[in-house]
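Student: Structure in structure tokens, see below.
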Amino acid sequence: MFIPTANRKLICKAIFKDGVLVAKKDYNAPRHAEIPVRNLEVIKAMQSLTSRGFVKTQFSWQYYYYTLTDEGIEYLREYLNIPQEVFPATFKKVTRPNAPAPRFGARPEREGGARRERDDYRRRDDGGKKEGASDDFRPEFRGTFGRARPQQQ
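Residue 175 is where the sequence shown starts when you use the working numbering, and the numbers rise one by one after that.
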């Protein structure tokens, strides 16, 4: 399919910026949700990059999910003239505050003790009264109903 060079560059810039791209499987959509080009052009450009091994495709629930591979990063750097220091957002390390890491299996303590609240709910004092049917309740079964019921004549 012929895709104008300007549109192809917009698509390549979008996938390089985030490292991932999502496209709905709607070939007749006039525009893509994030990029100002036709949705069909996005799908076909990504299909071309997938066949060359630059993008990995995952399809689920009528959506295409594209992720950039290492070879794809190198190819797009050459194609878009991007320096080596620039990486997609999925490859950048997230800086987190220096909080102590939780120990394995340890749960954070809650104020008031949630376990005690649940115990009170489960084990309430009814003064010896049980829940459910009373002791003198005797269910009576008189036969079957429905298809297994004997025919009346």
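Note that the Cβ used here is the ideal one computed from N, Cα and C, for glycine as well.
Looking only at C-alpha atoms, which of S308, D192, D200, N255 sits nearest to Y238?
Tutor: D200
Student: DSSP beta-bridge partners for S222?
Tutor: Paired residue(s): none; S222 is not in a bridge.
Student: What residue range is occupied by the uninterrupted beta strand (DSSP E) comprising T264?
Tutor: For T264, no beta strand (DSSP E) encloses it, and the DSSP letter there is neither H nor E.
Student: Quick one: Cα of T224 to Cα of W235, how far?
Tutor: 19 Å
Student: Taking R212 as the reference, which of P204, D244, Q221 has the closest Cα?
Tutor: P204
Student: Check for me: the alpha helix (DSSP H) holding A188 runs from which residue to which?
Tutor: 179-192
Student: Measuring CA to CA, which of F176, F265, E259 is closest to I189?
Tutor: F265
Student: Is P196 helix, strand or coil by DSSP?
Tutor: Just to set this straight, residue 196 is Val in the shown sequence, not Pro. Here V196 sits in strand by DSSP.
Student: Counting C-beta neighbours from all protein chains within 10 Å, is the total for G246 16 or more, i.e. buried, or is it exposed?
Tutor: buried
Student: List the DSSP bridge partners of S234.
Tutor: Y237
Student: Which of the three DSSP states, helix, strand or coil, is assigned to V339?
Tutor: Lying outside 175 to 327, the shown extent of the chain, residue 339 is not represented and no answer is given.
Student: Anyone know if the C-beta pair for R182 and E208 falls short of 9 Å?
Tutor: no
Student: Return the bridge partner residues of L242 from the DSSP annotation.
Tutor: Paired residues: V229.
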